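So the sequence shown is numbered by numbering that gives the first Met the number 0: it starts at 0 and just counts up by one.
All residues carry an ideal CB built from backbone N, CA and C; glycine is no exception.
Just so we're clear, the structure is a prediction, and the values are computed from it rather than from any experiment.
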Amino acid sequence: MSRYAPLFTAPVARLSALNLGTCEEEDIDASLLDQADHEIRAKFPKMHSFLLLRHGKLIWERYYNGHEASSLNDLRSATKSFTSTLVGIAMARGDMPGPETAVHKLLPEYLPKRKETLLERITIRHLLTMTSGLYWQTGKKLGEAFIHRFHRSKSWPSFALRLPVQEDQIGVFQYRSVDSHLLSVLLTRCCGIDAYTYALQHLFEPLEFGRSGWAQDPEGYTMGHIGLYLTSRDMAKFGDCCLHQGIWNGRELIPADWLHEATQRQIEGYPEFGDYGFQWWTGRLHGIDYACAHGHGGQQIYLIPEANAVVVFTADSKVSRWKNPRTLLERFVLPAVSSLNLERS
């Protein structure tokens, strides 16, 4: 068994339900989606699923390489967008203080013995936007040189908060998974339960998710940066709830004002991946705005407000090299929505 095997909910026989629709009803060019499906089978050998929702209806659902609707996906860093969402829920409920709260005040036992004044400047907002200034190394493909050292440490919060703080990097974006994990630690310290349990109570169960799983760190904190396992349908459900201002079946699960901030550009990111919100990537394709939960290997949830659409891709997460399925969104999926006025390059 893996050292950090995920905790799973009990097996659930039911398949997560979604309202169904057709391409014809939703004004979608099915031939372009067929072309995307052909492209996946020919050039994306590690793909596991491709789903499209429009106006809250599942109108396209394809699985590959033996995967099916009940299969769980390892979301990798797409987990980060869920962690951010839980923080937003907790703040709205009064379970966590606001984004401008200094992190060191909430986690005193994990601070270095020698007082670090720069550390006292880091706020929850800095963690949300990956602008903490904690020393880190990030490669061109979002590879993180210190991540294995971080995972091998006995106390992940201590490892993170004992990294040197670079004063000139506070407020500057750098992809840094320790920021995301600290959000989960903060949620647990403020709410008294781990982030997975909080998610089940306030998000997953209200959305009627099927089976799920989420891994923990050595001290029992839910991983904030990776470790979440969901079906593709439940990824799509989450995306659709976010797309519709956090409303599901007439009930607000996620604060609309939080989602507006989280899925909008907060800081300049990396050209290849886009700008950054609160643990969401943001960008434009063909002049159309999107927000994306993005994970290694091709785990992606796209929110496309102008199209009233959610697109989900999943793939093998245990790969060193992989093709970004965003090209499928750009070449086939967006052009398939005939109501969009696309800018052609």
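I think residue i touches residue j, with their Cβ atoms under 8 Å apart; what is that distance to the nearest whole Å?
i    : j    : result
E204 : S154 : Their Cβ separation, rounded to whole angstroms, is 31 Å, which puts E204 and S154 out of contact at 8 Å.
L50  : A314 : Wrong, their Cβ atoms sit about 13 Å apart, outside the cutoff.
L186 : Y197 : 6 Å
L117 : D178 : In fact, because the Cβ distance is near 15 Å, the residues do not count as touching under 8 Å.
D239 : L52  : 5 Å
Y220 : V184 : 5 Å
L106 : P156 : 6 Å
A89  : P254 : Actually they do not touch by this definition, with Cβ atoms about 10 Å apart.
Per DSSP, which one or two residues make a beta bridge with residue i?
i    : result
D274 : T281
K42  : Looking at the DSSP assignment, K42 forms no beta bridge with any residue, so it has no partner.
S288 : The question names Ser, but residue 288 in the sequence shown is Asp. Paired residues: R283.
A306 : Per DSSP, none; premise fails for A306.
A159 : DSSP, once it has assigned bridges, lists no residue as partnering A159.
H293 : Q299
D431 : No answer is possible for residue 431: the residues shown for the chain start at 0 and end at 344.
Y62  : S48
I266 : Y275
F81  : F81 is not bridged to any residue.
L57  : L19, L52
N72  : L229
I27  : V336
L6   : W213
S312 : Note on residue identity: the sequence assigns Phe, not Ser, to residue 312. F49, Q299.
A101 : T122
Would you mind stating whether residue i and residue j have Cβ atoms separated by less than 7 Å?
i    : j    : result
W279 : T262 : yes
I123 : P98  : yes
S76  : I225 : yes
D274 : C189 : no
P111 : R161 : yes
S212 : P5   : Looking at the sequence itself, residue 212 is Gly, so the reference to Ser does not match. Contact flag set, yes.
W257 : G87  : yes
Q34  : F331 : yes
L341 : H295 : no
D233 : F208 : yes
C241 : L302 : yes
L17  : A68  : no
V336 : A306 : yes
S338 : D26  : yes
P324 : F312 : yes
On a Cα-Cα basis, can you pick out the residue from the options that is closest to residue i?
i    : options                : result
P270 : G282, H259, S83        : G282
S131 : L71, F172, G226, L186  : F172
K42  : Y63, C22, H54, L19     : Y63
Y174 : L258, V102, T128, G87  : T128
L32  : E267, K56, Y220, E60   : E60
V310 : G55, K45, Y220         : G55
L252 : Q34, V184, L85         : L85
D36  : A159, T326, V184, L341 : T326
N72  : T100, S316, P334       : S316
A78  : R250, L229, L105       : One point to set straight first is that residue 78 is Thr, not Ala, in the sequence displayed. Of R250, L229, L105, the residue nearest in Cα terms is L229.
G65  : D216, S179, Q215, H47  : H47
F277 : G286, D288, L284, A292 : A292
L57  : I146, L182, S231, Q34  : S231
F81  : L284, I300, N307, H103 : I300
N248 : L202, I169, A308, A306 : L202
L141 : S176, L181, G223, A306 : S176
K139 : L328, F7, G268, P324   : G268
G297 : L328, Q165, S338       : L328
F7   : P324, S337, T21, Q215  : Q215
L74  : F237, L333, S337, A335 : F237
S83  : L339, E260, A308       : E260
H243 : A308, G191, L339       : A308
Q165 : E119, E305, A144, R250 : E119
Y109 : Q265, L181, A29, Q168  : L181
G245 : D193, L206, K104       : L206
Q265 : G170, P96, F145        : G170
With respect to 6 Å, is the separation between the Cβ of residue i and the closest non-hydrogen atom of the ligand ATP below this value?
i    : result
C240 : For the ligand ATP, the structure offers nothing, since it holds no ligand at all.
Is residue i close to chain D? Criterion is C-beta to C-beta, closer than 7 Å.
i    : result
G191 : In the displayed structure, chain D is absent; only one protein chain is listed.
#### Entry: Sequence ranges, alpha helix (DSSP H) only - wholly within the segment 190-261, length at least 4
194-198, 231-242, 255-261
#### Entry: alpha helix (DSSP H) runs wholly inside the segment 120-178, at least 4 long, in chain order
123-127, 146-151, 155-160
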